[in-house]
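Residues 976 to 1118 (the working numbering) make up the sequence shown, in order. In this text, a Cβ means the ideal position worked out from N, Cα and C, and glycines have one as well. Note that the structure is predicted; figures quoted are calculated from it, not measured. See structure below.
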Amino acid sequence: MSKAKGISGNKSFFFAVRTARCPRCREGAMFQHPFHRFLKFSTMYKNCPVCNLRYEVEPGFFIGSMYISYAMNIAILFSSSFLIYHIFNDPEIWVYLCIIPPVILILLPFMFRYSRVLYIYWFGGITYENTGNGHVENNINHS
Ligand SMILES: [Zn+2]
């Protein structure tokens, strides 16, 4: 197993979410490339490289992650508007329009990933199975 596909040691929930790990074994990576690779940030593994869990638990499962992505966009919109308002002392509308869209574009890979990660953790119905050595005995797929 390569270092990029799996981790050992820390298997806490927050570490697994932050590093986009499989919700069942918390070892296998969900995405094939780091999110700073702007053209390939969205490429996911179909199955967990460690426990073989199928990430798309049902057809179109990740469409629901758009709601989380939408909420993240709104949060960024409001927080950056708040910052711009106070830093530039209530500027004209074009200042907001020149700053906020690039900020959202730059954060797009981050939001894409974490909306999917949070969605599969919250709504995937997958429970963590700690086997100690990273191998989950039950290799049933959701297909
Ligand atoms: Zn896994």
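So which of the options has the shortest CA-CA distance to residue i?
i	options	result
serine 1040	Asn1064, Leu1082, Tyr1089, Leu1072	Tyr1089
serine 1017	Phe1085, Thr1102, Tyr1094	Phe1085
isoleucine 1079	Ile1051, Ile1101, Leu1014, His1061	Ile1051
phenylalanine 1046	Tyr1094, Asn985, Ile1062	Before going further, note that residue 1046 is alanine rather than phenylalanine in the sequence given. Answer by Cα proximity: Tyr1094.
phenylalanine 1010	Phe1063, Phe989, Asp1065, Ile1081	Ile1081
phenylalanine 1037	Trp1097, Thr994, Arg993, Thr1102	Trp1097
arginine 1012	Gly1035, Tyr1060, Leu1083, Glu1033	Leu1083
For residue i, count neighbouring C-beta atoms within 10 Å of its own C-beta (all shown protein chains included) and say buried if the count is 16 or more, exposed if not.
i	result
alanine 979	Unreliable placement is indicated for alanine 979, whose pLDDT of 46 sits below 50; the coordinate value is still reported in the next sentence. Alanine 979 is exposed by the Cβ-count criterion.
glycine 1099	buried
leucine 1028	buried
alanine 991	buried
glycine 996	Rather than glycine, the amino acid found at residue 996 in this sequence is arginine. Classification of arginine 996: buried, given that the 10 Å Cβ count is 16 or more.
proline 1076	exposed
tyrosine 1030	buried
proline 998	buried
phenylalanine 988	exposed
phenylalanine 1006	buried
Based on DSSP bridge pairs, tell me the residues matched to residue i.
i	result
arginine 996	Ala1004
methionine 1019	Phe1006
arginine 1029	Asn1022
>> Quick test of the definition: if touching needs 3 or more C-beta pairs under 8 Å, does the stretch 1014–1030 touch the stretch 983–1003?
In response: yes
> Would you say the stretch 1078–1094 touches the stretch 1027–1047, given that touching needs at least three Cβ pairs under 8 Å?
Replying inline: yes
>> Any residue with its Cβ nearer than 5 Å to a heavy atom of ligand 1 should be included. What is that list in chain order?
In response: Cys997, Arg999, Cys1000, Gly1003, Cys1023, Val1025, Cys1026, Leu1028
>> When you compare the stretch 1066–1076 with the stretch 1049–1056, are there three or more beta-carbon pairs, one atom per stretch, that lie closer than 8 Å?
In response: yes
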